[in-house]
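Below: the structure, in structure tokens.
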Amino acid sequence: MIVIKDKAAQIFLAISGIIFIVLGLMVGLPSEGYLSKLFNASINGSELHIFRTLMGIYLALGSLFIYGCFSKSHVHILLNVELVVVTGLIAGLSFSLLVDGYHHWSSVVMLLVDIVLFSFCIFFLFKSLPKNI
Numbered sequence: 001m002i003v004i005k006d007k008a009a010q011i012f013l014a015i016s017g018i019i020f021i022v023l024g025l026m027v028g029l030p031s032e033g034y035l036s037k038l039f040n041a042s043i044n045g046s047e048l049h050i051f052r053t054l055m056g057i058y059l060a061l062g063s064l065f066i067y068g069c070f071s072k073s074h075v076h077i078l079l080n081v082e083l084v085v086v087t088g089l090i091a092g093l094s095f096s097l098l099v100d101g102y103h104h105w106s107s108v109v110m111l112l113v114d115i116v117l118f119s120f121c122i123f124f125l126f127k128s129l130p131k132n133i
């Protein structure tokens with residue numbers, strides 16, 4: 001097991017957790033009318049259910065990152081978890097932009113946030129590699 005003793009990686013996980021929680025609340029708490037304006041599309045009851053489900057996933061991941069940042073033995077695995085999650089988000093958002101075209105500024109902002117999180121995950125994971133490899 002790799003133990004990351006870098007305080008900056010722990011702080012990054014805490015910030016990532018806060019970002020995930022805020023994004024989850026932004027997506028899941030608002031009403032249908034607000035989400036329609038935010039995403040520039042009509043949102044019905046079934047789609048609102050999907051948004052609230054996504055909120056739960058974001059809240060769970062954010063909570064996990066915040067909880068894990070306090071344990072140095074969990075930091076490495078949580079950086080890997082975050083790397084997998086944001087890679088999937090980047091792939092999905094990029095595919096959507098390529099296939100569906102530009103839809104709303106929020107998708108571009110989320111893509112940029114995910115790219116920044118991805119970059120920091122890679123940085124901290126490479127920094128934790130043994131020096132003799």
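Numbered as in our numbering, the sequence shown ends at 133 without a single skipped number.
Glycine included, each C-beta is placed from N, C-alpha and C at the ideal position.
The structure presented is a predicted model; accordingly, all values stated were derived computationally and were not measured.
Just so you know, the alpha carbons of lysine 5 and leucine 25 end up roughly 31 Å apart. Using a 10 angstroms sphere on the CB of phenylalanine 12, the tally of other CB atoms reaches 16 or more, which defines it as buried. Pairing leucine 78 with isoleucine 21 gives a Cβ-Cβ distance that is not under 8 Å.
In the DSSP annotation of this structure, the continuous segment of the alpha helix (DSSP H) that includes valine 86 starts and ends at 72-100.
Between the region 102-122 and the region 75-93 there are three or more inter-stretch CB-CB distances shorter than 8 Å, so the stretches are counted as touching. Between phenylalanine 51 and glycine 28, the C-beta spacing is below 8 Å. Here glycine 17 is buried. Its C-beta has 16 or more other C-beta atoms within 10 Å.
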